[in-house]
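Only one structure is covered here, and it is reproduced in the block below.
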DNA sequence: CAAAGTTAATCAAACGATTGATTAATTGTT
DNA sequence: AACAATTAATCAATCGTTTGATTAACTTTG
């Protein structure tokens, strides 16, 4: 009864994001969302127009603070491409693991056939991410820092894929790693450093190869 | 009118698998499935009892021919662990890209909160896959073939993750790679060899490191 | 200041449409 | 005739959405 001052619209978005992540867009009913949020059903349409409008609002809230985060990394001057890769991986993992539910929602939306503005927006946002990382990699190849035969697109797919495997298949990940990968404490103390450490060793081994892996 | 002799039950499963992959389980209606399959709606319940029964039937059809494929690889004697990894990756990619729709269905099911026998079966099947691959990796570590600090679970997550990124996010993958990654011809001629080639370089670089990456 | 007017927020109830499932009748096969 | 396969019609339930009324807070007016 203390902290209830946070915006109700924002509260609904928080709850809806969680419900959509758990049950999927089609599997989550507006009744469940409004019930969990403790608001009347009509409020969803009052605030967001429709169920899809609610999803769009969730999406736009996350993307509004997104653009500035990525853009800065690639522009630094006095750093090697490998250092940029490290920084990018850091920033990416931070953002991904801190927006656990949102990441699930995005990935679920990408997996189903949808038409409309939202589908385009999702793709556009992801591609922005892709291009930024790929630019760093291409730069590294040009500078001779990374191997000429580096498959940059697949490297991107690797980073994104590992993320989606850990975030979007939490049951499997939890069994594999031996602890609940949804628990925020485990994420910060165990999962994040481990993935970070692994990814850097993996990418280092692949990218910074001593140029003798031709043929 | 010639090849209509294939079992009608099997035909329904084919169509349903495709529809579930496209629209998700909750997003696909029984009317759409029966319509696309050209059968009466009641036939779904007649054959499979319920919508979930239909999903279970899809699942069981694929898993029935699955077990024998994997089991053989790990048991070979006169091969190095790295060769086993190569063979496993080959077999895995083959199976994954040839059951495109089914892979999407599985992954979507893992992403949503479900209870019941199916959820357990899905996890069980995937874990079987995980354990088999992990066993090969552990064996390689024991033989000194792979580095002692190899993070086997993350290697598994890498393989599975890249797959899910390419299969479950086909729009993104298609834009990234520059061609339709859903087209069977592209899959066989372009995607499969490329992923295969990349994965082997990547894993080789990480696993077969010259043991000087300690610290 | 007080009364009237205006607005946004909230609610219970109901809407038409669609969902998965079932029924009872009909057709096909052996 | 007996059984399996197939159909159209219908079921209750749930879906997302809309409605009309009510409340509370602020603005305007006299």
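Chains as they are written, first to last, in the working numbering: chain A, 1 to 215; chain B, 1 to 215.
Beta carbons are placed, not taken as given, at the ideal position from N, Cα and C, and that holds for glycine.
These numbers come from a predicted model, not from an experiment.
Specify, as a first and last residue, the run of the alpha helix (DSSP H) that residue i falls within.
i: residue 14 (chain A); result: 8 to 23
i: residue 179 (chain B); result: Segment: none, residue 179 (chain B) is in no alpha helix (DSSP H) and carries neither H nor E.
i: residue 151 (chain B); result: From DSSP, residue 151 (chain B) is part of no alpha helix (DSSP H); its letter is neither H nor E.
i: residue 204 (chain B); result: 192 to 207
i: residue 120 (chain A); result: 117 to 142
i: residue 112 (chain A); result: Unbroken run through residue 112 (chain A): none, as it is neither H nor E.
i: residue 34 (chain B); result: 30 to 37
i: residue 94 (chain B); result: 81 to 98
i: residue 50 (chain B); result: Careful: residue 50 (chain B) lies outside any alpha helix (DSSP H) and carries neither H nor E.
Check each candidate in the options and name the one with the smallest Cα separation from residue i.
i: residue 219 (chain B); options: B:154, B:47 and B:137; result: This structure does not reach residue 219 (chain B), given that chain B is present from 1 up to 215, and the question cannot be answered.
i: residue 110 (chain B); options: B:24, B:191, B:9 and B:188; result: B:24
i: residue 38 (chain A); options: A:160, A:10, A:168 and A:75; result: A:10
i: residue 176 (chain B); options: A:57, A:64, A:81 and A:155; result: A:155
i: residue 75 (chain A); options: A:29, A:196, A:112 and A:139; result: A:139
i: residue 144 (chain B); options: B:26, B:81 and B:21; result: B:81
i: residue 164 (chain A); options: A:93, A:120, A:197 and A:112; result: A:93
i: residue 28 (chain A); options: B:65, B:114, B:125 and B:64; result: B:114
i: residue 64 (chain B); options: B:7, B:52, B:36 and B:125; result: B:125
If you drop the 5 nearest sequence neighbours on each side, which residues of the same chain put their C-beta closer than 8 Å to that of residue i?
i: residue 62 (chain A); result: 99 and 102
i: residue 122 (chain A); result: 59, 106, 109 and 110
i: residue 217 (chain B); result: There is simply no residue 217 (chain B) to check, as chain B begins at 1 and stops at 215 in what is shown.
i: residue 168 (chain A); result: 103, 104, 107 and 108
i: residue 7 (chain B); result: none
i: residue 196 (chain A); result: 89, 90 and 93
Between residue i and the rest of its own chain, which residues show a CB-CB distance below 7 Å, the 5 nearest in sequence each way excluded?
i: residue 34 (chain B); result: 40, 41, 43 and 44
i: residue 13 (chain B); result: 57, 58 and 61
i: residue 31 (chain A); result: 41
i: residue 116 (chain B); result: none
i: residue 141 (chain A); result: 148 and 150
i: residue 36 (chain A); result: 15 and 19
i: residue 185 (chain A); result: none
i: residue 205 (chain A); result: none
Going along the chain, which residues of its own chain have a beta-carbon closer than 6 Å to the beta-carbon of residue i, five neighbours each way excluded?
i: residue 181 (chain A); result: 170, 173, 174 and 191
i: residue 187 (chain A); result: 97
i: residue 193 (chain B); result: none
Tell me, to the nearest whole angstrom, how far the beta carbon of residue i is from that of residue j; I am working on the premise that it is less than 8 Å.
i: residue 91 (chain A); j: residue 166 (chain B); result: Contact doesn't hold; Cβ gap of about 24 Å is too wide.
i: residue 147 (chain A); j: residue 54 (chain A); result: That pair is no contact at about 46 Å.
i: residue 161 (chain A); j: residue 161 (chain B); result: 3 Å
i: residue 189 (chain B); j: residue 112 (chain A); result: Not a contact, Cβ separation roughly 27 Å.
i: residue 26 (chain B); j: residue 26 (chain A); result: 4 Å
Review point. Is there contact between the region 7 to 24 of chain A and the region 99 to 108 of chain A, where contact requires at least three CB pairs shorter than 8 Å?
Key: yes
Check your understanding: Okay, do the region 193 to 202 of chain A and the region 145 to 154 of chain B touch, 3+ Cβ pairs below 8 Å being the bar?
Key -> yes
Review point. Can at least three beta-carbon pairs, one atom from the region 37 to 51 of chain B and one from the region 84 to 93 of chain B, be found at a separation below 8 Å?
Key: no
Check your understanding: Counting Cβ pairs closer than 8 Å, one from the region 128 to 144 of chain B and one from the region 125 to 142 of chain A, do we hit at least three?
Key -> no
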